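Student: Following this note's numbering, the numbering of the sequence shown begins with -3 at its first residue and continues without gaps.
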Amino acid sequence: MAQWTLFPIQPVCAGFTDRLSVSSWVMDETTLVLIKPGGVSRNLIGEITRRVEARGLRITGLKLVQAARATVEEHYAEHKERPFFKDVCDYLTSGPIVCMAVTGTNAVKAIRAMMGATNPLDATPGTVRGDLALTIDDNLTHSSSDDGAAERELKLWFPEGTVR
Ligand code: CMP
């Protein structure tokens, strides 16, 4: 989900500072992160949110929920025909999860890169999955794959909206 924010740019040329007033429009995006039941039960909520904030992104929605089966099935609708669909839905409803809206410049791509490859065995060290996870079934987080998915998933998990 994209929104525009006006950021003043400091002119780089000394001497022009008090005469120039330059501004630029920078694109803010909001994306969805879910911390899955394994991340909650392993007490990794703080570690994962710390990494998001340390990157310079803002948390604009945050809640702990026991997800309804229907919500999870809608969330993973694109995987309905995949063999892991039932297991992933069982898993997401097996315990509390954290729903987080994250906002900032290039937030969708930045968050995907920070979380690492879907299969933790392929995830680079330094990413959440590369540092903290071992199996694809419990890869700790879900994050929106692109801007369209972010918009759809944020509406699903935050029907009440998020803050700015
Ligand atoms: P996630 O990013 O939440 O999207 C779908 C989830 O299904 C994925 O993370 C994995 O946790 C899980 N999954 C299990 N098996 C597979 C698979 N073979 N390919 C992709 N995702 C899988």
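Backbone N, C-alpha and C fix where the C-beta goes; we use that ideal spot for every residue, glycine too.
None of these values were measured; they are calculated from a predicted model.
Does DSSP put E25 in a helix, a strand or coil?
Tutor: DSSP places E25 in strand when its eight states are reduced to three.
Student: Mind pulling the alpha helix (DSSP H) runs of 4 or more residues that sit fully within the segment 101 to 142?
Tutor: Complete alpha helix (DSSP H) runs here, min 4: 103 to 111 and 124 to 128.
Student: Return yes when at least one heavy atom of the ligand CMP lies under 7 Å from the C-beta of I132, else no.
Tutor: Under cutoff, so the answer is yes.
Student: Please state the DSSP three-state secondary structure of E149.
Tutor: The answer is helix: DSSP assigns E149 an H, G or I state.
Student: In three-state DSSP terms, what is A64?
Tutor: Residue state, collapsed to three classes: coil.
Student: May I ask which residues mark the beginning and end of the alpha helix (DSSP H) holding V36?
Tutor: From DSSP, the alpha helix (DSSP H) with V36 extends over P33 to S37.
Student: Straight-line CA distance for K151 to G157?
Tutor: The alpha-carbon atoms of K151 and G157 are separated by roughly 7 Å.
Student: Whether or not the segment 113 to 126 and the segment 57 to 69 are in contact is what I'm after, with contact meaning three or more pairs of Cβ atoms, one per stretch, closer than 8 Å; do they touch?
Tutor: Verdict: no, contact absent.
Student: For T99, count neighbouring C-beta atoms within 10 Å of its own C-beta (all shown protein chains included) and say buried if the count is 16 or more, exposed if not.
Tutor: T99 is buried by the Cβ-count criterion.
Student: Does the Cβ of V84 lie closer than 7 Å to at least one heavy atom of the ligand CMP?
Tutor: Yes; taking the cut-off as 7 Å, the Cβ of V84 has a heavy atom of the ligand CMP nearer than that.
Student: My assumption, with CB atoms under 8 Å, is that T27 sits in contact with V104. Please give the rounded CB distance.
Tutor: That belief holds up - the Cβ atoms of T27 and V104 are roughly 4 Å apart, short of 8 Å.
Student: Pull up the DSSP beta-bridge partners for V94, would you.
Tutor: Bridge partners of V94: I31 and L60.
Student: Secondary structure at T99, three-state DSSP: helix, strand or coil?
Tutor: If DSSP states are grouped into helix, strand and coil, T99 belongs with the strands.
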